[in-house]
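Residue numbers for the sequence shown follow this note's numbering, so the first one is 17 and each next one is one higher. Every residue gets a Cβ at the ideal spot worked out from N, C-alpha and C, and that includes glycine. These notes are about the structure you will find just below.
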Amino acid sequence: YNASEGFFAFQTDLEDPGLQLLPNVDVFYEFIPMDKLEAAQNGSYTRFLTLQEVQTDQPYALVISTSSGLWRYLIGDTIRFTQRNPHKIMITGRTKLFINTFGEELMIENAERALARACNLTGASVHEYTVAPVYMDGQKKGAHQWLIEFETVPPDPAVFKGILDRSLMDVNSDYHAKRLDTGTMDPPQITSMKKGSFYRWLAMNDKLGGQSKVPRLWSNRDYVEALLEINEKL
């Protein structure tokens, strides 16, 4: 696990995908629970966790201070610990690829796993996708809208949506709670996009090329509204 800011972890066992964190490379690590990230960014939460305080299988944003002068720098990666002695981590995504509009704490790792399962069980395949919240409106519950450009369309879209929803609940207890326990979220909304919609958006925003990717998760609807407008015109 290497970045321009430092060298943080490496794999020690080919049978174990976890990366052993390096505590002795002039980097001081702190960790922000993902449900505290927004508060940390606006300055109302400053009590970050140290290595001694982290728990396994919990999502954290990585913060580093280094001997080269970085001070409490939010590197932008999200991680979870797979074990604590020694500390091993998995990189699970980016802090910007995160939806917590309703307290569901949906991360890219959750979305990728659930989508892969829905595709495997229905024979569908996906070229591009993105997800954004659908806000509560009066008595209307919140939800997630999935914009998907299929390579192979699922034979029964309702079955695909049901598997996706159940898989998200399986891999994310917070999503499960908001879907069933508190009832604040409806099942996901699936919008099948025309071929070329995502490419057109990338082209219009000068994002063509190997370094640019379609953002998978958004905490607002600006991007998806632009995509939906492009889709209507194709």
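If you draw a straight line from the Cα of K112 to the Cα of A25, it comes to about 22 Å.
Note on P39: under 16 other CB atoms within 10 angstroms of its CB, so exposed under the neighbour-count rule. Under the 8 Å Cβ criterion, the region 72–83 counts as touching the region 93–103, having at least three qualifying pairs. Counting C-beta pairs with one atom in each stretch, the region 103–110 and the region 168–180 have fewer than three that are closer than 8 Å, which means they do not touch.
Cβ-Cβ separation between L233 and V147: approximately 5 Å, consistent with a contact (criterion under 8 Å). Going by beta carbons, N126 and V187 fall inside the 8 Å limit. L250 sits away from S208, with the two beta carbons spaced by 8 Å or more. Secondary structure in the region 122–190: the beta strand (DSSP E) runs of 3 residues or longer, each lying completely within the stretch, are 141–150, 159–168 in chain order.
For T168, the number of other beta carbons within 10 angstroms of its own is below 16, and it is reported as exposed.
For M220, the three-state secondary structure derived from DSSP is helix.
If the five residues before and after D73 are omitted, its C-beta is found closer than 8 Å to the C-beta atoms of R96, F97, T98, all from its own chain and listed in chain order. With fewer than 16 other Cβ atoms from the protein chains shown falling within 10 Å of its own Cβ, K210 counts as exposed.
The residue from N58, R63, I91, S189 with its alpha-carbon nearest to that of A19 is I91.
Bounds of any beta strand (DSSP E) do not take in K249; it lies within the alpha helix (DSSP H) bounded by 238–249.
The Cβ atoms of M220 and F118 lie no closer than 8 Å to each other.
Look at the beta carbons and you see the region 122–137 touching the region 185–199: at least three pairs across the two are nearer than 8 Å. Annotated three-state conformation of F214 is helix, per DSSP.
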